[in-house]
Amino acid sequence: MPPESRFRMCLRDSSINRGNPLFVLKGDIPYNRNNKPQEVICINIIADSALDLNESLKRRLDIDIIPFKLLLDGVEYVDDPKLDLAKFRKNMTASQKAGSACPSPNDFLSRFRELGDVFAITISAKLSGTYNSAILAKSMVLEEHPNSKIHIFDSKTAGGGEALIAMKIKELLDKEYGFEEIVEKVEAYISGMKTYFISESLDNLIKNGRIPRLKGSIASFMNIKPIMGAIDGEILLFEKARGSNKAFARMVEMVLEKGEDFSEKVLSISHANNPERAESLKDIFHKRANFKEIVVMPTAGLTTLYVDIQGVILSY
10 MPPESRFRMC LRDSSINRGN PLFVLKGDIP YNRNNKPQEV ICINIIADSA LDLNESLKRR
70 LDIDIIPFKL LLDGVEYVDD PKLDLAKFRK NMTASQKAGS ACPSPNDFLS RFRELGDVFA
130 ITISAKLSGT YNSAILAKSM VLEEHPNSKI HIFDSKTAGG GEALIAMKIK ELLDKEYGFE
190 EIVEKVEAYI SGMKTYFISE SLDNLIKNGR IPRLKGSIAS FMNIKPIMGA IDGEILLFEK
250 ARGSNKAFAR MVEMVLEKGE DFSEKVLSIS HANNPERAES LKDIFHKRAN FKEIVVMPTA
310 GLTTLYVDIQ GVILSY
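So that you can map any letter, position 171 of the sequence shown is 180 in my numbering, and since no number is skipped, the others follow by simple counting.
Written out as structure tokens, the structure is:
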């Protein structure tokens, strides 16, 4: 592809201010601080399908999604907008074996070539090979086009946590930060993020081998709900509680007990077909914390597969 077609200017009017180019998301109307049209470079945000979004965020962020392949008893499902989640959840419950396959380097390579300058967000590198696929694709593109602007963010989380990273990128673009400044600030943001989740059912964690079958079966029989979370991208068990209500109440306290100031933070609540629980948590955090914004979203296919039906993920 010729370099000119990859250097995507949103405006090419000869009357444009020819100062430093401004990086913006595609679709945004570019104006400088003097309200004059400004030469800009369109930046695309790409993410794997471990990212969860609601309809409002889909319109607000306009993210290109590279899908995982989901596997139930050897049957492959593509985790894209065409996936029938209701049918998938039904088949998932009935399956004996569940798993996933991450996007390949070629999946990223074709998208990088098509879209040009890119911020890409992947699920934690400790949970999947997606990050490595994206890094390899980036190196191949830079060999062809050394001036391309591409950065791969290892989210060190998944689900709504990836959405928060996309929101942070958008916020910094709106504030007219440069590419390298955005990389620095978003990497720092990722380092400060926290993620907790509760799976109402441990079935899929048992099926895909993340929990030994015997331990998982005993925990399910005794109605023990593990409160899991991410530390530096690795999923760990934090605490256990007897019953869902106690587990969710404890997860709320884990978020609040350090007395943090959340006034500059956004909380994401992802749920696997559990809107009542998600809205209840949203109400609780509205009353007890000062988050700048709280966004609720359904889980897509991959996060549904791992957090299981009725599961909930908190990220902030």
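No residue lacks a Cβ here, since even glycine has one placed at the ideal position from N, Cα and C.
Based on the DSSP secondary-structure assignment, which residues constitute the bridge partners of residue i?
{"i": "ASP163", "result": "THR131"}
{"i": "HIS280", "result": "PRO307, VAL321"}
{"i": "ASN53", "result": "VAL127"}
{"i": "LEU60", "result": "GLY168"}
{"i": "THR204", "result": "ALA239, SER324"}
{"i": "LYS234", "result": "ALA250"}
{"i": "LEU245", "result": "GLY238"}
{"i": "VAL275", "result": "GLU302"}
Measure how close the beta-carbons of residue i and residue j come, nearest whole angstrom, since I'm counting them as under 8 Å.
{"i": "GLN319", "j": "ALA281", "result": "6 Å"}
{"i": "ILE178", "j": "PHE128", "result": "5 Å"}
{"i": "ASN73", "j": "ILE132", "result": "The amino acid at residue 73 is misidentified as Asn; the sequence shows Asp. No, ASP73 and ILE132 are not in contact; Cβ-Cβ is about 16 Å, not under 8 Å."}
{"i": "SER142", "j": "SER113", "result": "6 Å"}
{"i": "LEU62", "j": "ALA172", "result": "6 Å"}
Are the beta-carbon atoms of residue i and residue j separated by less than 9 Å?
{"i": "VAL275", "j": "GLU288", "result": "no"}
{"i": "ILE207", "j": "MET237", "result": "yes"}
{"i": "ALA110", "j": "LYS135", "result": "no"}
{"i": "PHE188", "j": "ASP126", "result": "yes"}
{"i": "LEU145", "j": "PHE117", "result": "yes"}
{"i": "ALA167", "j": "LEU60", "result": "yes"}
{"i": "ILE322", "j": "SER253", "result": "no"}
{"i": "LYS249", "j": "TYR325", "result": "no"}
{"i": "ILE55", "j": "ILE130", "result": "yes"}
{"i": "TYR205", "j": "MET149", "result": "no"}
{"i": "GLY138", "j": "LYS106", "result": "no"}
{"i": "SER272", "j": "PHE300", "result": "yes"}
{"i": "LEU182", "j": "ILE191", "result": "yes"}
{"i": "GLY310", "j": "TYR140", "result": "no"}
{"i": "GLU209", "j": "ASN156", "result": "no"}
{"i": "PHE162", "j": "GLU196", "result": "yes"}
{"i": "ILE159", "j": "PHE121", "result": "yes"}
{"i": "ALA298", "j": "LEU265", "result": "yes"}
{"i": "LEU70", "j": "PRO307", "result": "no"}
When you compare the CB of residue i with every CB in chain B, is at least one pair closer than 9 Å?
{"i": "ILE322", "result": "The structure shown contains no chain B; it holds only a single protein chain."}
#### Entry: Contiguous alpha helix (DSSP H) assignments of at least 4 residues, all confined to the region 66 to 120
94 to 103
### Query
Using 8 Å as the Cβ pair cut-off and three pairs as the minimum, do the region 306 to 314 and the region 98 to 108 touch?
yes
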